[in-house]
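Here's the structure we're looking at; comments come further down.
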Amino acid sequence: MKLAITRLDENGAYETVVMRDDGVSYRLRGVGRKFAIPHDLAHFLVEKTLRLQHGFFGSIAAGAVFPSMSYVGGRRKPRAAERSMATLKENAQQRSEAEALVRIFNDTIEQGHSQTSPVLYGRLKECWGCRKPREISRTQIAEVFALYQQFLLKWRNLPVGATLYLAWSNQHGAQR
3 MKLAITRLDE NGAYETVVMR DDGVSYRLRG VGRKFAIPHD LAHFLVEKTL RLQHGFFGSI
63 AAGAVFPSMS YVGGRRKPRA AERSMATLKE NAQQRSEAEA LVRIFNDTIE QGHSQTSPVL
123 YGRLKECWGC RKPREISRTQ IAEVFALYQQ FLLKWRNLPV GATLYLAWSN QHGAQR
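Start counting the sequence shown at 3; every next residue gets the next number (our numbering).
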């Protein structure tokens with residue numbers, strides 16, 4: 003699946019177009035304009051690094067269509083709506099987990115905490131509550147922080163109207 007994140011203005015407005023491997027494309031209007039990088043971009047890098055195959059983008063790649071998505075083009079397969087509903091239901095827990103992790107990393111990084119900060123580890127521990135925690139290595143945390151900084155620079159230098167192109171693969175995680 004290919005992603006195209008386009009900067010719409012200087013104030014953080016953006017849109018993401020996803021071109022699934024089945025040839026169907028959708029547009030997502032950007033949310034989270036208050037963040038330093040687009041929320042969709044934060045999802046991409048966190049889900050990629052932590053190999054969340056059934057998070058937001060993994061669900062879309064598998065056929066899920068969220069209410070916020072607008073159809074752009076391509077031939078939708080028969081029973082696509084049923085497949086979407088089944089995927090949304092099946093991936094609900096990992097999508098929630100992905101959303102929580104994106105928020106934790108986004109807030110922690112933007113508040114200036116380091117990758118070894120007790121604040122980060124406290125938030126991650128709090129996130130799991132009573133559930134068995136996901137294994138997140140120090141290497142993965144370092145990679146999230148490094149990718150965030152890399153994409154922050156790219157986003158800040160991206161002119162209005164320009165686009166970042168990314169690729170997502172559910173077989174091997176997301177690819178840059």
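C-beta atoms are modelled at their ideal positions from N, C-alpha and C, and glycine is treated no differently.
Quick check on the burial criterion: 16 or more other C-beta atoms within 10 angstroms. Buried or exposed for residue i?
{"i": "ARG9", "result": "buried"}
{"i": "GLU84", "result": "exposed"}
{"i": "ALA44", "result": "buried"}
{"i": "GLY114", "result": "exposed"}
{"i": "LEU155", "result": "exposed"}
{"i": "GLY163", "result": "exposed"}
{"i": "TYR28", "result": "buried"}
{"i": "MET87", "result": "exposed"}
For the beta strand (DSSP E) that contains residue i, what are its first and last residues?
{"i": "THR165", "result": "165-171"}
{"i": "ALA6", "result": "4-9"}
Under 6 Å Cβ to Cβ from residue i, same chain only, skipping five residues before and after it: list those, please.
{"i": "PRO40", "result": "ILE7, TYR16, GLY32"}
Leaving out five residues before and five after residue i in sequence, what residues of the same chain have Cβ atoms less than 7 Å from its Cβ?
{"i": "LYS91", "result": "none"}
{"i": "VAL146", "result": "LEU47, VAL48, THR51, PHE107"}
{"i": "GLY175", "result": "Confidence at GLY175 is low in this model, with a pLDDT of 47, below 50, so the placement of that residue is unreliable and no value is reported for it."}
Have a look at the options and flag the residue whose alpha-carbon is nearest the alpha-carbon of residue i.
{"i": "PHE68", "options": "GLY76, ARG77, PHE58", "result": "PHE58"}
Does chain D have any CB closer than 8 Å to the CB of residue i?
{"i": "ALA44", "result": "In the displayed structure, chain D is absent; only one protein chain is listed."}
Looking at the unbroken alpha helix (DSSP H) that takes in residue i, where does it start and where does it end?
{"i": "ARG140", "result": "140-159"}
Taking 8 Å as the threshold, find out whether the region 100-109 comes into contact with the region 70-81 through three or more Cβ pairs. The answer is no - the region 70-81 does not touch the region 100-109, with fewer than three Cβ pairs under 8 Å.
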